[in-house]
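Enquirer: Attaching a single structure in structure tokens format; questions to follow.
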Amino acid sequence: MKLTLIQSGGFTGKTKIAEEDLSNHPEELQQFIKQAFLQKPAKKDQTNPDKSRDKESYSLEYDGTNLPLNALAKNDDLDKLIKKMKANLKFKKN
Amino acid sequence: MQKSESKPSAFKTKVQAFATDDKFRSKRQLFSKLSHGAKRVLLHESLKKAIKKTTVNRAVYTAKNKETQPGKLVRKEGQAAVKDKDVNRAYDAAGYTWNFYYSLFGRNSIDSKGMKIIQTVHYGVKYDNAFWDGEQMIYGDGDGKIFGSFTTDIDIIGHELTHGVVQYECNLAYKDQSGALNESLADVFGTMIKQKTLNLDVKHADWLIGENCLLGKKYALRSLKAPGTAYVNHPDLGTDPQPANMSGYINDPGDNGGVHSNSGIPNHAFYLAAYNIGGYSWEKTGRIWYAALTDIELVKETASFADFKNATIVHAQKLFPGNTSVSDAISAAWKSVGV
């Protein structure tokens with residue numbers, strides 16, 4: 001299954017994406033992500049609180065569902081994966 | 001002659017300065033448009049503002065390519081230019097932007113109360129964006145391949161500072177139509193600040209946003225004149241997705257309902273109105289748009305395009321009561337874009 005990191009917002013408003021094939025990752029991490037997307041978000045989206053709404057925001061897409069990045073519970077393996085995906089973000093072509 | 005008679009009181013001197021000094025000209029012009037009752041209410045506050053020494057207060061920091069803010073102070077108000085071009089460009093453009101708002105609308109900075117204008121340059125590594133974080137502006141250097149420095153366009157700096165102005169006025173919610181209006185106002189005032197600084201009328205202005213920071217001579221990020229054409233077949237970005245008409249309205253959940261795309265619709269309405277009214281955009285159309293954005297009764301946080309259209313028509317009639325051609329041009333512009 002594929003996990004997509006989406007970055008949007010800021011002055012440019014251009015979307016950047018990075019994709020990762022989860023089958024190359026430990027089963028534990030795959031299950032964590034699957035469960036996270038099956039459950040309701042653990043906390044309210046605070047990616048773009050009112051005052052910093054012009055700032056870039058990040059979301060994750062998995063199996064057709066989109067969640068704000070910070071809606072997922074803390075997980076060290078996921079953090080490492082997100083760090084790697086952030087380094088690989090590319091502009092989405094219109 | 002007694003000393004007290006030869007030297008006028010400080011208060012009298014200040015009032016005389018308000019009445020005659022060139023730097024208060026725009027404030028006087030705005031003041032002259034008010035009704036007698038409104039003048040009485042505002043007289044005390046206007047004089048207080050005029051008496052108070054009004055100057056811009058800028059501070060530019062560097063993040064030294066880390067994602068920190070504000071970072072290390074490099075240049076503050078009144079200091080001479082430094083070696084760093086990004087620092088100087090941010091400093092100068094913030095000055096032009098402050099002057100635009102103050103000289104035309106009597107607005108003293110982002111909050112209209114003299115707020116310090118804080119900017120951070122060199123944010124992150126090859127960071128290809130800029131943003132207003134609710135308290136200050138932040139600019140990246142760009143990756144050098146697709147984007148150059150985000151301080152290279154005065155309209156970007158005007159755009160970001162205007163997000164602050166909107167926050168302190170109608171405070172438009174950042175999603176769907178109100179979010180697109182928020183983005184549009186930042187573009188509209190960003191481009192007007194460029195036009196005013198360069199003294200360009202509506203026919204000679206390029207109506208482009210970010211023409212320097214998006215690298216490549218034939219590219220800009222957005223066009224108010226022709227949304228959807230700012231860049232075409234760009235090797236990395238593709239083609240500008242902005243619609244110019246409601247028929248092309250995009251619902252993009254990844255961009256808060258398409259705030260950066262659908263801003264093309266009110267952007268184009270402003271262009272059409274300004275072009276058809278003629279002259280300099282800030283003289284009539286800009287005044288009307290500013291009056292609308294500061295009217296929190298007509299433009300609420302969740303305002304739609306139609307709400308903003310209504311506010312611009314109401315203020316066109318108020319500001320130019322004997323000239324129906326202005327409100328007619330504004331009404332026609334909104335109709336042209338399908339609002």
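One line per chain: the protein sequences are Z and C, in this order.
Per my numbering, residue 1 is the first one in the first sequence, and the count goes up by one each step.
Per my numbering, residue 1 is the first one in the second sequence, and the count goes up by one each step.
Glycine included, C-beta positions come from ideal geometry on N, C-alpha and C.
On a predicted model such as this, the values are computed, not experimentally measured, just so you know.
1) By DSSP, does C:Y139 sit in helix, in strand, or in coil?
2) Output the residue ranges of the alpha helix (DSSP H) runs that lie fully inside the segment 52 to 139 of chain C and measure 4 residues or longer, sorted by chain position.
3) For C:E301, count neighbouring Cβ atoms within 10 angstroms of its own Cβ and tell me buried if that reaches 16, exposed if not.
4) Since C:C213 contacts C:I156 with CB under 8 Å, what's their CB separation in whole angstroms?
5) Out of C:S109, C:L104, C:T62, state which residue places its alpha-carbon closest to the alpha-carbon of C:D86.
6) For the alpha helix (DSSP H) that contains Z:K2, what are its first and last residues?
7) What did DSSP end up calling C:A273 once you bin it into helix, strand or coil?
8) Helix, strand or coil: which one does DSSP assign to Z:T65?
9) Do Z:E56 and Z:Q7 have their C-beta atoms closer together than 8 Å?
10) Check each candidate in Z:K86, Z:K14, Z:N94, Z:R53 and name the one with the smallest Cα separation from Z:L3.
11) Give the secondary structure of C:A244 by DSSP, where H, G and I count as helix, E and B as strand, and everything else as coil.
12) Output needed in chain order: residues of the segment 12 to 35 of chain Z with a Cβ under 7 Å from some Cβ in chain C.
13) Counting C-beta neighbours from all protein chains within 10 Å, is the total for C:P266 16 or more, i.e. buried, or is it exposed?
14) Flag this pair as yes or no: are the beta carbons of C:H260 and C:V337 separated by less than 8 Å?
15) Short of 8 Å Cβ to Cβ, which residues in the segment 143 to 166 of chain C face chain Z?
16) Evaluate contact between the segment 126 to 135 of chain C and the segment 195 to 203 of chain C, counting only Cβ atoms and requiring at least three cross-stretch pairs below 8 Å.
17) Skipping 5 residues on each side, what residues in its chain have a beta carbon closer than 6 Å to that of Z:A18?
18) Check the Cβ of C:P241 against every Cβ in chain Z and list those closer than 7 Å, keeping chain order.
19) Residues in the same chain with beta-carbon distance under 8 Å from Z:L78, minus the five sequence neighbours each way, listed in chain order, please.
20) Answer with yes or no whether the minimum CB distance from Z:F37 to chain C is below 8 Å.
21) Spatial neighbours of C:T55 within its chain, please: C-beta separation below 8 Å, excluding the five flanking residues on both sides.
22) Go ahead and pull the three-state DSSP assignment for C:V41.
23) Go to Z:D21, then tell me how far its beta strand (DSSP E) extends in each direction, as first and last residue.
24) Can you confirm whether C:D128, when its beta carbon is compared against all beta carbons of chain Z, has any partner nearer than 8 Å?
25) Taking just the CA atoms, how far does C:T294 sit from C:A316?
26) Report buried or exposed for C:A291, applying the criterion of at least 16 other Cβ atoms within 10 angstroms of its Cβ.
27) Going by Cα to Cα distance, which pick from C:H234, C:G142, C:G264, C:T191 is closest to C:T97?
28) Grouping DSSP H, G and I as helix and E and B as strand, with all else coil, what is Z:R53?
29) How would you label C:K284, buried or exposed, when you count the other beta carbons within 10 angstroms and need 16 or more for buried?
30) Just to check my reading of the structure: C:I110 and C:Y123 have Cβ atoms closer than 8 Å, yes? What is that Cβ distance to the nearest angstrom?
31) Between the alpha carbons of C:P227 and C:V314, how many angstroms are there, rounded?
32) In chain Z, which residues lie with their C-beta within 8 Å of the C-beta of C:G254?
33) In angstroms with no decimal places, state the Cα-to-Cα distance between Z:K80 and Z:H25.
34) Can C:Q177 and C:S304 be called in contact, C-beta distance under 8 Å?
35) With respect to the alpha helix (DSSP H) encompassing Z:K30, which residues constitute its N-terminal and C-terminal limits?
36) Look at the Cβ atom of Z:D76, then the Cβ atom of Z:M1, and state whether they are nearer than 8 Å.
Expert: In this structure, then:
1) Stepping through the second sequence from its first residue, residue 139 of chain C is reached at position 139. In the structure shown, C:Y139 sits in a strand (DSSP, three-state: E or B).
2) 85 to 105
3) Taking the second sequence and counting its residues from 1, one reaches residue 301 of chain C at position 301. Exposed, since its Cβ has fewer than 16 Cβ neighbours within 10 Å.
4) Here residue 213 of chain C is taken as the residue at index 213 of the second sequence, counted from 1. Here residue 156 of chain C is taken as the residue at index 156 of the second sequence, counted from 1. That belief holds up - the Cβ atoms of C:C213 and C:I156 are roughly 6 Å apart, short of 8 Å.
5) As a position in the second sequence, residue 86 of chain C is number 86, starting the count at 1. When only C-alpha atoms are compared, the closest one is C:T62.
6) Working through the first sequence from its first residue, we reach residue 2 of chain Z at position 2. Annotation: Z:K2 is outside any alpha helix (DSSP H); the continuous beta strand (DSSP E) that includes it extends over 2 to 8.
7) One-based indexing of the second sequence puts residue 273 of chain C at position 273. Correct three-state label for C:A273: helix.
8) Counted from its first residue, the first sequence places residue 65 of chain Z at position 65. Here Z:T65 sits in strand by DSSP.
9) To locate residue 56 of chain Z, count along the first sequence from 1; it is residue 56. To locate residue 7 of chain Z, count along the first sequence from 1; it is residue 7. Yes.
10) Within the first sequence, numbered from 1, the residue matching residue 3 of chain Z stands at position 3. Checked all of Z:K86, Z:K14, Z:N94, Z:R53; the closest Cα to Z:L3 is Z:K86.
11) Taking the first residue of the second sequence as 1, we reach residue 244 of chain C at position 244. Three-state DSSP puts C:A244 in coil, outside helix and strand.
12) T12, G13, K14, T15
13) Reading the second sequence from its first residue, position 266 is the one you call residue 266 of chain C. Counting Cβ neighbours within 10 Å, C:P266 comes out buried, since at least 16 surround it.
14) Mapped onto the second sequence, residue 260 of chain C falls at position 260. Mapped onto the second sequence, residue 337 of chain C falls at position 337. No, the pair does not count as a contact, with Cβ atoms beyond the cut-off.
15) Taking a C-beta cut-off of 8 Å against chain Z, the contacting residues of the segment 143 to 166 of chain C are I146, F147, F150, I156, H159, E160, H163, listed in chain order.
16) No, they do not touch.
17) Here residue 18 of chain Z refers to the residue found at position 18 of the first sequence. Contacts found: L5, M85, N88, L89.
18) Numbered from 1 along the second sequence, position 241 holds the residue referred to as residue 241 of chain C. By Cβ distance, chain Z contributes N94.
19) Numbered from 1 along the first sequence, position 78 holds the residue referred to as residue 78 of chain Z. So the qualifying residues of the chain are L29, F32, I33, L72.
20) Position 37 of the first sequence, counting from 1, holds the residue named residue 37 of chain Z. With 8 Å as the cut-off, Z:F37 does not count as an interface residue toward chain C.
21) For the purposes of this step, residue 55 of chain C is taken as the residue at position 55 of the second sequence. Cβ neighbours of C:T55 beyond the five flanking positions: E77.
22) Walking along the second sequence from the start, residue 41 of chain C turns up at place 41. The pLDDT assigned to C:V41 is 49, lower than 50, so where the model puts this residue is not dependable, and the model offers no usable value.
23) As a working note, residue 21 of chain Z is residue 21 in the first sequence. From DSSP, the beta strand (DSSP E) with Z:D21 extends over 16 to 21.
24) One-based indexing of the second sequence puts residue 128 of chain C at position 128. Closer than 8 Å: yes.
25) The residue labelled residue 316 of chain C in the question sits at position 316 within the second sequence. The residue labelled residue 294 of chain C in the question sits at position 294 within the second sequence. So the two alpha carbons sit approximately 14 Å from each other.
26) In the second sequence, counting from the first residue as 1, residue 291 of chain C sits at position 291. The residue in question, C:A291, is buried, as its Cβ has 16 or more Cβ neighbours within 10 Å.
27) Counting from 1 along the second sequence, the entry for residue 97 of chain C is found at position 97. For the residues C:H234, C:G142, C:G264, C:T191, the minimum Cα distance to C:T97 belongs to C:T191.
28) The residue you call residue 53 of chain Z lines up with position 53 of the first sequence. Here Z:R53 sits in coil by DSSP.
29) Here the question's residue 284 of chain C lines up with position 284 in the second sequence. By the neighbour-count rule (16 or more Cβ atoms within 10 Å), C:K284 is buried.
30) In the second sequence, residue 110 of chain C corresponds to position 110, counting from 1. In the second sequence, residue 123 of chain C corresponds to position 123, counting from 1. Contact between C:I110 and C:Y123 does not hold, since their C-beta atoms are separated by about 19 Å, which reaches or exceeds 8 Å.
31) Here the question's residue 227 of chain C lines up with position 227 in the second sequence. Here the question's residue 314 of chain C lines up with position 314 in the second sequence. Between C:P227 and C:V314, the C-alpha separation is close to 26 Å.
32) The count along the second sequence starts at 1 and reaches residue 254 of chain C at position 254. Per Cβ cutoff of 8 Å: I6, S8, T15, S59, N66.
33) The residue labelled residue 80 of chain Z in the question sits at position 80 within the first sequence. The residue labelled residue 25 of chain Z in the question sits at position 25 within the first sequence. Roughly 11 Å separates the two Cα atoms.
34) The residue labelled residue 177 of chain C in the question sits at position 177 within the second sequence. The residue labelled residue 304 of chain C in the question sits at position 304 within the second sequence. Yes. Within cutoff.
35) Walking along the first sequence from the start, residue 30 of chain Z turns up at place 30. Looking at the sequence provided, one finds Gln at residue 30 of chain Z rather than Lys. Counted as a single uninterrupted DSSP element, the alpha helix (DSSP H) harbouring Z:Q30 occupies residues 27 to 38.
36) Here the question's residue 76 of chain Z lines up with position 76 in the first sequence. Here the question's residue 1 of chain Z lines up with position 1 in the first sequence. Cβ distance not < 8 Å, so Z:D76 and Z:M1 don't count as in contact.
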